[in-house]
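Asks: Residue numbers (the numbering used here): 12 to 801. A virtual CB, placed ideally from N, CA and C, is assigned to each residue, including glycine. Please read through the structure below; I'll follow up with questions.
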Amino acid sequence: MLPPIPDRIAEELSVRPAQVSAAIALLDGGATVPFIARYRKEATGALDDTQLRLLEERLGYLRELEERRAAVLESIRGQGKLTDELAGRIALADTKQRLEDLYLPYRVKRRTRAEIAREAGLEALADALIEDPSRVPESEAAGYLREPFETDAGQNPGVADAAAALEGARWILMDRFSEDAELLERLRRYLWEHGILTSRVVPEQESAGAKFRDYFDYAEAIAKVPPHRALALFRGRNAEVLRLSLTLPEDLEARPEGMIAARFALENMGRPADAWIAEVVRLTWRAKLSYSIETHLLGQLKATAEDEAIRVFGRNLKDLLLAAPAGQRVTLGLDPGIRTGVKVAVVDATGKLVDTTTIYPFEPKKDVEGSLRTLAALATRHRVDLVAIGNGTASRETDALVAELKSRHPELGLHSVMVSESGASVYSASEAAAQEFPELDVSLRGAVSIARRLQDPLAELVKIEPKSIGVGQYQHDVSQLQLSRTLDAVVEDCVNSVGVDLNTASAPLLARVSGLSPRLAENIVALRDQRGAFRSRDELLEVPRLGPKAYEQAAGFLRIRDGDNPLDASAVHPESYPVVERILSDLGRPVIEVMRAPEVVRSVRAERYTDERFGLPTVKDILAELEKPGRDPRPAFRTAEFKEGVNDLKDLAPGMMLEGVVTNVTNFGAFVDVGVHQDGLVHISVLADRFVKDPHEVVKAGDIVRVKVLDVDLPRRRISLSMRLGEPHGEPHGERRGADDQAGRRGGGRGDGRGRSGKMGKGGGRGRSEPKPRGAMADALARAMQKRSE
12 MLPPIPDRIA
22 EELSVRPAQV
32 SAAIALLDGG
42 ATVPFIARYR
52 KEATGALDDT
62 QLRLLEERLG
72 YLRELEERRA
82 AVLESIRGQG
92 KLTDELAGRI
102 ALADTKQRLE
112 DLYLPYRVKR
122 RTRAEIAREA
132 GLEALADALI
142 EDPSRVPESE
152 AAGYLREPFE
162 TDAGQNPGVA
172 DAAAALEGAR
182 WILMDRFSED
192 AELLERLRRY
202 LWEHGILTSR
212 VVPEQESAGA
222 KFRDYFDYAE
232 AIAKVPPHRA
242 LALFRGRNAE
252 VLRLSLTLPE
262 DLEARPEGMI
272 AARFALENMG
282 RPADAWIAEV
292 VRLTWRAKLS
302 YSIETHLLGQ
312 LKATAEDEAI
322 RVFGRNLKDL
332 LLAAPAGQRV
342 TLGLDPGIRT
352 GVKVAVVDAT
362 GKLVDTTTIY
372 PFEPKKDVEG
382 SLRTLAALAT
392 RHRVDLVAIG
402 NGTASRETDA
412 LVAELKSRHP
422 ELGLHSVMVS
432 ESGASVYSAS
442 EAAAQEFPEL
452 DVSLRGAVSI
462 ARRLQDPLAE
472 LVKIEPKSIG
482 VGQYQHDVSQ
492 LQLSRTLDAV
502 VEDCVNSVGV
512 DLNTASAPLL
522 ARVSGLSPRL
532 AENIVALRDQ
542 RGAFRSRDEL
552 LEVPRLGPKA
562 YEQAAGFLRI
572 RDGDNPLDAS
582 AVHPESYPVV
592 ERILSDLGRP
602 VIEVMRAPEV
612 VRSVRAERYT
622 DERFGLPTVK
632 DILAELEKPG
642 RDPRPAFRTA
652 EFKEGVNDLK
662 DLAPGMMLEG
672 VVTNVTNFGA
682 FVDVGVHQDG
692 LVHISVLADR
702 FVKDPHEVVK
712 AGDIVRVKVL
722 DVDLPRRRIS
732 LSMRLGEPHG
742 EPHGERRGAD
752 DQAGRRGGGR
762 GDGRGRSGKM
772 GKGGGRGRSE
782 PKPRGAMADA
792 LARAMQKRSE
């Protein structure tokens, strides 16, 4: 028997079973991952949100496995074929695939040729020839001839002659061999370890599928195909440009046919039936197993690649959501456009829309002076502090316009920032935007979103479906259900790690708080609009349909600034207020005074305030919160300075040093916006002056970095960048950047394979290995060798 589910998960997570059991009990009781991670550390032994997410995922898988195991046992038992030995093997199946392999011979199937042969009594012939290959197949088969007859399943053609009898026996054995669980596992493992994935272009598709040309003649060990390249291959296959196949090297000693024969102790010793048996083995592989195993392994490769792509998307999304907020500052948002004009929106320090207009500084109207007057008037009237410029079409031209505005009106003290507008159009046309701004034109809603996402990226981006934010690789090629589930979990964890202002948060933001559903979030906003701001967390219990359980899960993540109780502005959960009261009593000071005196808090010994309910982790968290109440885990706000005069790809030149913003991080490198409407790629080999295994070790989405231009490919709209600023420019290490590196994320801050122009980028890949990264030692050696040669 397998260990209990908590024990299995505990081993996988390298934690104690008791921790897992406690977490499972909390999850089953309706607790959320953020709540458990923050407020139930004593119970779980301080499992963090990442561990809890993995635990939750594995718990679901293993419970489904147990349900399926019970159904399989019941089905086989109902057929009267369940033996103790088979039941034991089923009990030990630790994956769904292994369980299905064991069930395969007993699965209810359509009427196959093997089943028809069994009805005709030919299984005895098959067994006889296998057990004693010295028998002459034709002679043995002559005893199994039979006229056509009726069965419950329909007409059976009978056995007309010896050839028909041997054909039926062959199908029976092929069925038996191909349904052997041990053999299937061995073959899959062998082909995964030794198989070569090949790709060939479909005839006459060379021109239509030019973006996949690097895969027209490609081969690589299947176990070594990186996730982004695998997804590029599958995209090419789905586009009917590429044909994929799995082959084995010719020089391998072990062949699948030999493994089948060895599994069933079938030796070719020149006996009369040996040749017939060898043909059965050959057909078992060729007709029954090769295609199904190839399909399975390609599916395994795709699933692994999808999981990694989803993981990368989730990590990038987390970095973007937790990007530094500009804070409560009056902001003017500009959604650039050429012919349709630049949409303008002003929001106050709380994010409330106060003014909108549209200016036309570019062709065909080219009203530069009028546009500058309008912007200056808006900035003066509303005391604008920040200008947020969407980074889409005409963004640099708009940036230049704002630069002129700042030059003419230095007294305004404006600060301009380029902001990713990815997903802004999705929000503009959404139901949430329509409810918030029913009278506002769709185009102007985008300007509002751009302004707000500078003030608080998290609060604004939660209004957009995570998939539309576009920081993934091959996001449209992966399981959309799994992608949505993962991204929703990321958003939930980010929102709750920061906390939410109960009196200013939108319904979409509140809906991401632990324990709150979209309906409860709407009820909170409705009550707030009706009665005014909440004065205490306890007033949440007056929200319709918000019961004690939802209150328990949500209260600690909701903040009330300037409320009746200063603790309501902190992450201290109301259930822990009695602990704070004991601390305050011993200190002899009011809470507001203690929260302003971190040195006093640091003098408190946490051990003195633990009891059966509140352990040391909780008390330490309380003290940390009192020391820095309502602390924001996000970094301080900072902006990138794009180089003047560099507005388009044609303005770039090799060797140019630029500052930019990381827009996306993939397994093969990072994409950086340097202000030319097309993101450049910093390949993993030039991310740092050392070996980099994972780009996330060096950069994350939203980082401001210094880069050097290595190469600009104008026809293909590709920019190669480097963060190894001390090296001579040019293609690093003589390696050419593979097309597959940019196929999954082709610039423009999008994850749908489109650049900012909306045109499809170049796809494909290569069969070469990745460039070998060079470390400091290798660089030093290269310089020494060069000096010596000189």
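(1) Does I535 come out as helix, strand or coil in the three-state DSSP assignment?
(2) Is L294 a contact residue of the ligand ADP, with contact defined as CB to any heavy atom under 8 Å?
(3) Could you pull the start and end residues of the beta strand (DSSP E) that G671 belongs to?
(4) Go ahead and pull the three-state DSSP assignment for D228.
(5) Distance, Cα to Cα, E22 vs Y72?
(6) Buried or exposed: where does M280 fall if 16 or more other Cβ atoms within 10 Å of its Cβ makes it buried?
(7) Throw me the rounded Cβ distance for the V683 and V657 pair, which I believe falls under 8 Å.
(8) By the three-class DSSP mapping on this structure, what secondary structure does Q486 have?
(9) Under 9 Å between the Cβ atoms of L332 and V501?
(10) Tell me which residue opens and which closes the beta strand (DSSP E) that A387 is part of.
(11) Roughly how many whole angstroms lie between the Cα atoms of V723 and M668?
(12) Exposed or buried, what is Y229 when buried is set at 16 or more other beta-carbons lying within 10 Å of its beta-carbon?
(13) Helix, strand or coil for N327, going by three-state DSSP, please let me know.
(14) Would you check if the distance between the CB atom of R600 and the CB atom of V591 is smaller than 9 Å?
(15) May I have the straight-line CA-CA distance separating G759 from L521, to the nearest angstrom?
(16) With 16 other CB atoms within 10 Å as the buried threshold, where does M12 fall?
(17) Would you say V357 and D346 are within 9 Å of each other, going by their C-beta atoms?
(18) Can you tell me where the beta strand (DSSP E) with F245 in it begins and where it stops?
(19) If we ignore side chains and look at the alpha-carbon of each, how far apart do R19 and G154 end up?
(20) Kindly indicate which residue of V554, F545, A135 and E550 has the alpha-carbon position closest to the one of A532.
(21) Going by DSSP, what residue range makes up the alpha helix (DSSP H) through M429?
(22) Is the shortest distance between the beta-carbon of S495 and the beta-carbons of chain B less than 9 Å?
(23) Taking three-plus beta-carbon pairs below 8 Å as touching, is the stretch 507-516 in contact with the stretch 483-496?
(24) From this set, E96, Y302, D662 and V676, which residue's C-alpha is nearest L725's C-alpha?
(25) For R419, which residues from the same chain have a beta carbon less than 8 Å from its beta carbon, with the 5 sequence-adjacent residues on both sides left out?
(26) Can you give me the C-alpha to C-alpha distance between F245 and V676, rounded to a whole angstrom?
(27) Quick check on the DSSP output: what are the complete alpha helix (DSSP H) runs of length 4 or more inside the stretch 581-619, in order along the chain?
(28) Just the C-alpha distance for E178 and D112, rounded to the nearest angstrom, thanks.
(29) Tell me whether E161 sits in a helix, a strand or coil according to DSSP, three-state version.
(30) For the alpha helix (DSSP H) holding L356, just list the boundary residues, first then last.
(31) Which whole-angstrom value is the C-beta distance of P144 and I288, which I expect to be below 8 Å?
(32) Check S547 in the structure and name its three-state DSSP category.
(33) Under 7 Å Cβ to Cβ from R199, same chain only, skipping five residues before and after it: list those, please.
(34) Count Cβ pairs between the stretch 366-381 and the stretch 460-478 that sit closer than 8 Å; are there 3 or more?
(35) So which of K719, R729 and V379 has the shortest CA-CA distance to R735?
(36) Which of the three DSSP states is assigned to A458 in this structure?
Replies: According to the structure data:
(1) helix
(2) No copy of the ligand ADP appears in this structure; indeed no ligand is present at all.
(3) M668 to T677
(4) strand
(5) 15 Å
(6) With fewer than 16 other Cβ atoms inside 10 Å of its own Cβ, M280 counts as exposed.
(7) V683 to V657, Cβ: 13 Å. No contact.
(8) helix
(9) yes
(10) First-last for A387: V379 to H393, but that is the alpha helix (DSSP H), not the beta strand (DSSP E).
(11) 14 Å
(12) Answer is buried; the Cβ neighbour count reaches 16.
(13) helix
(14) no
(15) The predicted model places G759 with a pLDDT of 36, which falls under 50 and marks its position as unreliable, so this point remains unresolved.
(16) exposed
(17) no
(18) Unbroken run through F245 is the alpha helix (DSSP H), P238 to N249; no beta strand (DSSP E).
(19) 54 Å
(20) V554
(21) Run containing M429: none in the alpha helix (DSSP H); it sits in the beta strand (DSSP E), H426 to V430.
(22) In the structure shown, chain B cannot be found, because there is only a single protein chain.
(23) As far as the Cβ criterion goes, the stretch 507-516 does not touch the stretch 483-496, which means the pair count is below three.
(24) Here the closest residue by C-alpha is D662.
(25) L383 and A387
(26) 21 Å
(27) 588-598, 602-605 and 609-613
(28) A straight line joining the alpha-carbon of E178 with that of D112 spans about 25 Å.
(29) If DSSP states are grouped into helix, strand and coil, E161 belongs with the strands.
(30) Per the sequence presented here, residue 356 reads as Ala, with Leu not at that position. Note, A356: premise wrong, no alpha helix (DSSP H); beta strand (DSSP E) at V353 to V358.
(31) 6 Å
(32) In the structure shown, S547 adopts coil according to DSSP, grouped into three states.
(33) I304, H307 and L308
(34) Output reads no: the stretch 460-478 does not touch the stretch 366-381.
(35) Ranking the options by Cα distance to R735, first place goes to K719.
(36) helix
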